[in-house]
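Asks: If you're matching positions, the sequence shown starts at 1 in full-length UniProt numbering and goes up one per residue.
This is the structure I have questions about; it appears just below.
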Amino acid sequence: MIERNAEELRSEFLQHVAFIEDKTLKTEILTWIDESVIRTDSVSGAEHVEGRLAELKASNPMRHDSGDPEDDFPADCKGCPHYGVVCPVISDRTTRETRHRRLEQAETEQDRLRVYQDIATDADCHIIPAAISDWKQNDREIIERGYELFSAMVRHLDSDELDVDAPDIGDDPEIEDVWRDTPTESGGMQLSEDELLDRGVLQSEEADG
């Protein structure tokens with residue numbers, strides 16, 4: 001979902017950036033294009049979660065062998081029912097093999113994230129949901145900024161001469177909210193097609209006929 005929306009925005013920007021005379025706006029858009037490629041295409045949600053688990057494993061045994069049990073677990077894991085005993089997500093061989101097998105069978109990024117969410121639920125793990133949330137938030141921020149720049153570009157360009165349409169947001173309600181809630185130059189919000197028709201900004205197909 002995030003990758004698709006980033007691609008749609010990049011496509012619109014690349015089609016119209018040459019017509020932008022505002023140097024500051026053009027620079028911001030070109031910078032956003034570069035950042036969006038790095039942030040949305042470099043690390044997937046599954047890779048982010050696996051990296052977080054690897055960080056925990058690298059610095060902690062994640063199972064109690066001897067001495068103080070808390071010495072074998074990171075402070076981030078406090079509150080987990082397995083804290084101080086053994087982490088089923090990282091240290092249980094059966095759980096690891098099940099995770100790897102399901103990940104290999106997963107066809108989409110959403111499927112892979114669902115695997116992690118299921119494992120977190122079964123193990124009562126709060127680390128995995130937090131990692132997924134962090135990854136989504138980081139990408140949501142870049143998309144929100146992209147839509148802010150898109151709105152600025154639309155206001156800057158002469159839309160009567162240039163065909164500048166909002167990128168296809170598909171069925172993502174969160175991104176649709178971002179688009180509709182982006183303030184316009186007058187301080188208002190984006191208007192729907194029906195609202196534009198009512199105000200005479202757009203003409204209906206019947207009127208055109």
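All C-beta atoms in this analysis are idealised placements derived from N, C-alpha and C, irrespective of residue type, glycine included.
Would you say Glu35 lies against chain B (beta-carbon separation less than 8 Å)?
Replies: Looking at the structure shown, chain B is missing, and only one protein chain is on hand.
Asks: Just to confirm the assignment: which complete alpha helix (DSSP H) runs, minimum length 4, are found wholly within the region 42 to 70?
Replies: Runs found: 45 to 59.
Asks: Look up Val17 in the DSSP assignment and say whether it is helix, strand or coil.
Replies: The residue labelled residue 17 in the question sits at position 17 within the sequence shown. Val17 falls in the helix class under three-state DSSP.
Asks: Using a Cβ distance threshold of 8 Å, determine whether the region 17 to 25 contacts the region 112 to 123, with at least three qualifying pairs required.
Replies: With the cut-off at 8 Å, the region 17 to 25 and the region 112 to 123 do not touch.
Asks: Distance, Cα to Cα, Ser11 vs Ile29?
Replies: As a first step, residue 11 must be located in the sequence shown, where it is residue number 11. As a first step, residue 29 must be located in the sequence shown, where it is residue number 29. Cα to Cα, the separation comes out at about 12 Å.
Asks: Is the region 89 to 96 touching the region 50 to 63, taking contact as three or more C-beta pairs under 8 Å?
Replies: Yes, they touch.
Asks: Given the structure, does His156 come close to the ligand MG, in the sense that its CB is under 7 Å from one of the ligand's heavy atoms?
Replies: In terms of ligand content, the structure shown is empty, and the ligand MG therefore cannot be addressed.
Asks: Output the distance between the C-alpha atoms of Ala6 and Leu113, rounded to the nearest integer angstrom.
Replies: Within the sequence shown, residue 6 is the residue found at index 6, counting from 1. Within the sequence shown, residue 113 is the residue found at index 113, counting from 1. Between Ala6 and Leu113, the C-alpha separation is close to 19 Å.
Asks: Should Asp122 and Pro81 be called a contact, given that it needs their Cβ atoms to be closer than 8 Å?
Replies: As a first step, residue 122 must be located in the sequence shown, where it is residue number 122. As a first step, residue 81 must be located in the sequence shown, where it is residue number 81. Cβ distance not < 8 Å, so Asp122 and Pro81 don't count as in contact.
Asks: Can you tell which of Gln137, Leu56, His156 has the C-alpha that lies nearest to the C-alpha of Asp86?
Replies: Your numbering for residue 86 matches position 86 in the sequence shown. Correcting the residue identity first, residue 86 is Val in this sequence and not Asp. Taking only the C-alpha atoms, the option nearest Val86 is Leu56.
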